[in-house]
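J.: So the sequence lines, in the order shown, correspond to chains A and B.
Residues 0 to 525, numbered by numbering that gives the first Met the number 0, are exactly what the first sequence covers, in order.
Residues 0 to 525, numbered by numbering that gives the first Met the number 0, are exactly what the second sequence covers, in order.
For glycine and all other residues, C-beta sits at the position ideal for the given N, C-alpha and C.
As the structure is a prediction and not an experimental result, all values here were calculated from the model.
There are 2 protein chains.
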Amino acid sequence: MRWWGWGDDAHAEPPAEHALAWLEGELGGSLREVRRHVALEEVALPASRLPAAVRDAFGTILRDDHEARVRHAAGRSYPDLVRLRTGALEAAPDAVLAPRSHDEVVAVLRACAEAGVAVVPFGGGTSVVAGVDPARGACDAVVSLDLGALCEVVIDERSRTALLGPGLRGPEAEAALGARGLTLGHFPQSFEYASIGGFVATRSAGQASTGYGRIDDLVLGLRLAAPAGEVHLPPMPATAAGPGLRGLLVGSEGTLGVLTQVALRVARAPQEHHYEGFMVPSFGAGAEALRELKQDGLSPDLARLSDEAETRMSLAVAGTGGVKGRLLGAYLGARHVRGGSLLILGWEGEAERVRARRAAALPVLRRHGAAGLGTSPGRAWLKGRYHGPYLRDDLMDRGVFVETLETATQWSNLFTLYRAVGDALRRHAPLVACHVSHVYASGASLYFTFLARQEGDPLEQWRAAKAAACDAIVEHGGTITHHHAVGRDHAPWLVREVGETGAAALRAVKDELDPAGIMNPGKLLP
Amino acid sequence: MRWWGWGDDAHAEPPAEHALAWLEGELGGSLREVRRHVALEEVALPASRLPAAVRDAFGTILRDDHEARVRHAAGRSYPDLVRLRTGALEAAPDAVLAPRSHDEVVAVLRACAEAGVAVVPFGGGTSVVAGVDPARGACDAVVSLDLGALCEVVIDERSRTALLGPGLRGPEAEAALGARGLTLGHFPQSFEYASIGGFVATRSAGQASTGYGRIDDLVLGLRLAAPAGEVHLPPMPATAAGPGLRGLLVGSEGTLGVLTQVALRVARAPQEHHYEGFMVPSFGAGAEALRELKQDGLSPDLARLSDEAETRMSLAVAGTGGVKGRLLGAYLGARHVRGGSLLILGWEGEAERVRARRAAALPVLRRHGAAGLGTSPGRAWLKGRYHGPYLRDDLMDRGVFVETLETATQWSNLFTLYRAVGDALRRHAPLVACHVSHVYASGASLYFTFLARQEGDPLEQWRAAKAAACDAIVEHGGTITHHHAVGRDHAPWLVREVGETGAAALRAVKDELDPAGIMNPGKLLP
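1. Give me the subset of the region 336–358 of chain B whose CB atoms are less than 7 Å from a CB atom of chain A, sorted by chain position.
2. Along the region 420–445 of chain A, what residues have a CB closer than 9 Å to any CB found in chain B?
3. Residue 432 of chain B to residue 420 of chain B, Cα distance in whole Å?
4. Excluding the 5 residues preceding and the 5 following residue 4 of chain A in the sequence, name in chain order all residues of the same chain whose CB lies nearer than 7 Å to its CB.
5. With a cut-off of 8 Å, does the C-beta of residue 316 of chain B fall near any C-beta of chain A?
6. Quick one: which unbroken alpha helix (DSSP H) runs of 4-plus residues sit fully inside the region 171–233 of chain A? Chain order, please.
7. Which residues, in order along the region 500–512 of chain A, keep a beta-carbon less than 8 Å from a beta-carbon of chain B?
8. Alpha carbon to alpha carbon, how far is residue 272 of chain A from residue 184 of chain A?
9. How should residue 319 of chain A be labelled, buried or exposed, when 16 other C-beta atoms within 10 angstroms of its C-beta is the threshold for buried?
10. Could you tell me whether any Cβ in chain A is nearer than 8 Å to the Cβ of residue 105 of chain B?
11. Whole angstroms is fine: what's the gap from residue 362 of chain A's alpha carbon to residue 156 of chain B's?
12. Given a cut-off of 8 Å, decide if residue 480 of chain B and residue 408 of chain A are closer than it, judged by their beta-carbon atoms.
13. DSSP on residue 40 of chain B, reduced to helix/strand/coil?
14. Given this structure, state the Cα-to-Cα distance separating residue 321 of chain B from residue 22 of chain B, to the nearest angstrom.
15. Expressed to the nearest angstrom, what Euclidean distance is found between the alpha-carbon atoms of residue 517 of chain A and residue 130 of chain A?
16. With a threshold of 8 Å, are at least 3 pairs of Cβ atoms found where one atom belongs to the region 50–61 of chain A and the other to the region 449–468 of chain A?
17. With a cut-off of 8 Å, do at least 3 Cβ pairs link the region 237–253 of chain B to the region 205–213 of chain B?
18. The ligand ZN heavy atoms versus the CB of residue 198 of chain B: any closer than 7 Å?
19. Work out the CA separation of residue 500 of chain A and residue 61 of chain A for me, nearest whole Å.
20. For residue 308 of chain A and residue 414 of chain A, I'd like the C-alpha separation in whole angstroms.
21. I'd like the ranges of any beta strand (DSSP E) spanning at least 3 consecutive residues and lying wholly in the region 408–453 of chain B.
22. Mind checking which residues open and close the alpha helix (DSSP H) that includes residue 367 of chain B?
23. Does the beta-carbon of residue 270 of chain B have 16 or more other beta-carbons within 10 angstroms, so that it is buried, or is it exposed?
24. Could you please tell me which residues of the region 463–483 of chain B, in chain order, have their CB closer than 9 Å to any CB of chain A?
25. Between residue 401 of chain A and residue 450 of chain A, which are expected to be in contact by the criterion C-beta below 8 Å, what is the C-beta distance as a whole number of angstroms?
26. Between residue 301 of chain B and residue 477 of chain A, what straight-line distance do the alpha-carbon atoms span, to the nearest angstrom?
27. Taking C-beta pairs closer than 7 Å, name the residues in chain A that residue 189 of chain B reaches, listed in chain order.
28. Can you tell me whether residue 518 of chain A is helix, strand or coil according to DSSP?
29. Starting from residue 526 of chain A, find everything on chain B with Cβ-Cβ shorter than 8 Å and list it in chain order.
30. Can you tell me whether DSSP reads residue 120 of chain A as helix, strand or coil?
31. Determine contact between the region 185–197 of chain A and the region 160–175 of chain A, defined as no fewer than three beta-carbon pairs at a distance below 8 Å.
32. Would you kindly report the start and end of the unbroken beta strand (DSSP E) that includes residue 1 of chain B?
33. Distance, Cα to Cα, residue 51 of chain A vs residue 521 of chain A?
34. Report all residues from its chain with a CB closer than 6 Å to the CB of residue 349 of chain A; omit the five preceding and five following residues, and keep chain order.
35. Could you name the residues of the same chain whose beta carbon sits closer than 7 Å to that of residue 252 of chain B, not counting the 5 residues immediately before and after it, in chain order?
36. Can you tell me which of the three DSSP states residue 345 of chain B falls into?
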């Protein structure tokens, strides 16, 4: 991972000329000046304050060199990248500890609790909500707990269950499962770098979670090392044994303890991936089609419906842009389809079932005015599915403020929320686009992308837009996050979502499992 | 509901002569002597100790007559019925309060917390784990909080969501939903009397939950009145906003507060119910077929696979017994099927989809040796699906110890657990039968029925058998309960399942939401 941005240089791809020109028109002014990041050694770090007791006890698994500290100082949010690029970090871990086993995690937590050292669990470091922000809280020092060495894989094929170490990256887990003909089916945009532990700790959703289920649906068991002790819940298909303790630890974002193993439901690896595009007359018509498909059990495994603005932007800039975008425009023109919303659907599984499911869904799509575009837009989307963060890096080089945020709500409230958040964002950014990417029987997610030219202090600019959107979300019945998690960025809004008494219940659990308050300070609940 | 047993006299049906004869052979000795319960007025109750402050404040919603107190003194477990029938209750509520609104619940909790009065939420009163046991705990008095008047219904058809009052009985909720072409799809054996609040508070599963989902899968939101305040989580299709607070309150069994409203996912009412029977060569073969169907997305909505012992018992005694049972025996004889396991499958939905799903599943069933018995056993099962508790009443009249318990585990552990629990029970009862009734991708439930002649103190006899089974369950990797909940009966085993640290986390939530410890003392965690 590039220390100042996303991914590696080999996979970066500069924006096409026509895309840049289109964006210049939308945002106003030239985007031709490129400002790169400072050099790694120019990033200023405070001297390490790690107590000698911790340093001496864990010397073999400790790093505190400049690069290790920088690489664990931030996630991959827009503000994180602004700070990294300018070398002006707010904070950095005093050291990085990389335990190799559950017992070593326990030992680290014990020592840190005794020495008053905060612990920030670190998986892939891809948080976009400051979830791995190296905050000290009330502690004197802070370590980043890199879980990369916890990468066990134990597969119970008969029970379609995998016990996975939290440090496994998405591709590593898929490779191990794929060798047995299985898949987790969990492909968030961060897939290439994010970790299994991060998925579970942040309650993430993958692009195909409409079909395979969100990570919270897949968790059958887990092992948590907390400062107060261990919670070991073996895999269980279902239980009525009291309050949902598994679900309470899923989404706890490292504030209660460290997930050292998770048991996840896995599926048979699909024989076929059939991904295709449709154009629907409007965002509203597309949403109605998706609602009907899901409620009647006819849903594809992936559904991604762009609103009119995102459709225009996609055709001009993103995966289906360039030559393909122009061809698509010509094709639509020839078929007398103007404007409208782009819909990508993905069907996965055994070939005959894919065909039967698709055949059952097509009449519903047609009834809502969907015009088939064939598999080309689907293949283009698959090819570019992890590419968004690279594009962000390029745009940031050119002084663009580019950010995304997501929410979810019931179907009956979807367009009220869509308009409210869109209106709030348009006061801060000229280009606001949205898509529905996860569909449920009772509602759907909304994922907003917004762009503006950087103006003034980029962090202040970000704060104002983010606050406006978050206020609009909680005021209009959305959840503060559908799959990015809470971290530090959403923490001020979480209490408004769960209420004072709900927050008090969560704090009581925190106080019980982490009495010294060393676990990931400042996240979830302020 | 008959105060001493289940249901009402109009629906009781005495066991057939041939069934009694068969049972006499299995259990040894005559079952012809019938001992009925004492008269209602013979049930001994202690004088009410309700503080005057509570009595004066809630006179309009209070009852403390003999019948009301007896009717709220017990659930419908075997020990409950033993105590009711002999008139020897351990405890009774000092009064019954029936609030008519969320605000009235809040007022009751406030007054009871101030006066040191324990509160036992009471829905349908059908708990089989002493979940509505009127224990005082450390309080001076105890009230039963009858939620029958909280029976609001607000339907959001577009979002396939219903906001339901906790006091609605199963049939009331289904009637309201059915009028709009919808169903909750939740049909536990207690359906005719159990309440919506009870379903959610106990994390219940219905007979068709393999298709419609357990109640925990259906909860989208809820409102909880706790002594410390209110937790109001509006319906939300999905969220990544921190630990699972909804799931933490689901299954809290009245120990944290009172559910005053729940938002549940509902489905389109099925056009067709296709229920049918199969005979499979063995319990093991049937389980393999169900595992394959579920893991490959071909599962029916209801699957109920009896082991060989339950198959024999069903044919002799239960829903498919009598003339039908003998005809079935003759039919199987003619087809040279001997012994084996009875499998009932139910398919619900739109007629064409039912046909297509069934057609896709039949090859898998045939491959595992299933022989079709047609729809007659399916119809018989549907007809008798709520009848078990009536049969229990009749058998108890005849001095039979009859009890059920359930667990679940991963597929890879299913037969280890099956043998361990069966072996433990056979040391206490000559007749032990089992079925799989809920199927998941990673595992399945096991539901045991066991019968013996009552011997010595029936409560001691029960305790010994129950403890042996529960020990076997936790020692062999099962959950202490798949859908009956924890209540008082399973509380000693819950800590073994969730561990000391897990239990401490749950206690911390309890202490936060119910600082005076008035909510349903003695349940969940001892």
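T.: For this structure:
1. none
2. Within the region 420–445 of chain A, the qualifying residues are 437, 438, 439, 440, 441, 442, 443 and 444.
3. Within the second sequence, the letter at position 433 stands for residue 432 of chain B. Within the second sequence, the letter at position 421 stands for residue 420 of chain B. Cα-Cα distance, rounded: 11 Å.
4. As a position in the first sequence, residue 4 of chain A is number 5, starting the count at 1. The residues are 80 and 392.
5. Here residue 316 of chain B refers to the residue found at position 317 of the second sequence. Chain A, which has no Cβ nearer than 8 Å to the Cβ of residue 316 of chain B, makes this no.
6. 195–200, 208–211 and 214–217
7. Within the region 500–512 of chain A, the residues whose Cβ lies closer than 8 Å to some Cβ of chain B are 500, 501, 503, 504, 505, 506, 507, 508, 510, 511 and 512, listed in chain order.
8. In the first sequence, counting from the first residue as 1, residue 272 of chain A sits at position 273. In the first sequence, counting from the first residue as 1, residue 184 of chain A sits at position 185. Computed Cα separation, rounded: 12 Å.
9. Along the first sequence, read from residue 1 onward, the residue named residue 319 of chain A stands at position 320. Annotation note: pLDDT 44 at residue 319 of chain A (below 50); position unreliable, coordinate value reported separately. Flag for residue 319 of chain A reads buried.
10. Here residue 105 of chain B corresponds to residue number 106 of the second sequence, with the count starting at 1. Not an interface residue.
11. Counting from one through the first sequence, the residue named residue 362 of chain A turns up at place 363. Counting from one through the second sequence, the residue named residue 156 of chain B turns up at place 157. Roughly 22 Å separates the two Cα atoms.
12. Position 409 of the first sequence, counted from the first residue, corresponds to residue 408 of chain A. Position 481 of the second sequence, counted from the first residue, corresponds to residue 480 of chain B. Not a contact, by the Cβ cut-off of 8 Å.
13. The residue given as residue 40 of chain B occupies position 41 in the second sequence. Three-state DSSP puts residue 40 of chain B in a helix.
14. Against the second sequence, residue 321 of chain B aligns to sequence position 322. Against the second sequence, residue 22 of chain B aligns to sequence position 23. Per-residue confidence for residue 321 of chain B stands at a pLDDT of 43, beneath the threshold of 50, marking its modelled position as unreliable; no derived number is given.
15. Reading the first sequence from its first residue, position 518 is the one you call residue 517 of chain A. Reading the first sequence from its first residue, position 131 is the one you call residue 130 of chain A. So the alpha carbons of these two residues sit roughly 15 Å apart.
16. no
17. no
18. This structure lacks the ligand ZN; in fact it carries no ligand of any kind.
19. Residue mapping note: residue 61 of chain A aligns to position 62 of the first sequence, counting from 1. Residue mapping note: residue 500 of chain A aligns to position 501 of the first sequence, counting from 1. Cα to Cα, residue 61 of chain A sits roughly 40 Å from residue 500 of chain A.
20. As a first step, residue 308 of chain A is located in the first sequence; it is residue number 309 there, counting from the start. As a first step, residue 414 of chain A is located in the first sequence; it is residue number 415 there, counting from the start. Their backbone Cα atoms lie some 15 Å apart in a straight line.
21. The region 408–453 of chain B contains these whole beta strand (DSSP E) runs: 430–435 and 442–452.
22. Taking the first residue of the second sequence as position 1, residue 367 of chain B is located at position 368. Unbroken run through residue 367 of chain B: none, as it is neither H nor E.
23. Locating residue 270 of chain B in the second sequence gives position 271, where the first residue counts as 1. Residue 270 of chain B comes out exposed.
24. 476, 477, 478, 479, 480, 481, 482 and 483
25. On the first sequence, residue 401 of chain A is found 402 positions in, with the first residue counted as 1. On the first sequence, residue 450 of chain A is found 451 positions in, with the first residue counted as 1. Between residue 450 of chain A and residue 401 of chain A the Cβ distance is about 5 Å, and since that is below 8 Å, they are a contact.
26. Reading the second sequence from its first residue, position 302 is the one you call residue 301 of chain B. Reading the first sequence from its first residue, position 478 is the one you call residue 477 of chain A. Straight-line Cα distance between these residues: approximately 35 Å.
27. Translated into positions along the second sequence, residue 189 of chain B becomes position 190. By Cβ distance, chain A contributes nothing, its closest Cβ being about 13 Å from residue 189 of chain B, past 7 Å.
28. Here residue 518 of chain A refers to the residue found at position 519 of the first sequence. Correct three-state label for residue 518 of chain A: strand.
29. Chain A is shown only over 0 to 525; residue 526 of chain A falls outside these bounds and no answer can be derived.
30. Here residue 120 of chain A is taken as the residue at index 121 of the first sequence, counted from 1. The DSSP-derived three-state label of residue 120 of chain A is strand.
31. yes
32. Taking the second sequence and counting its residues from 1, the one referred to as residue 1 of chain B is at position 2. Taken as a continuous stretch (DSSP letters only), residue 1 of chain B belongs to no beta strand (DSSP E), as it is neither H nor E.
33. On the first sequence, position 52 is the one that residue 51 of chain A refers to. On the first sequence, position 522 is the one that residue 521 of chain A refers to. Looking at the two C-alpha atoms, the distance is approximately 25 Å.
34. The residue you call residue 349 of chain A lines up with position 350 of the first sequence. Taken in chain order, the residues that qualify are 270.
35. Counted from its first residue, the second sequence places residue 252 of chain B at position 253. Same-chain partners within the cutoff: 130, 200, 201, 484, 485, 486, 519, 522 and 523.
36. For the purposes of this step, residue 345 of chain B is taken as residue 346 along the second sequence, with counting starting at 1. Three-state DSSP puts residue 345 of chain B in a strand.
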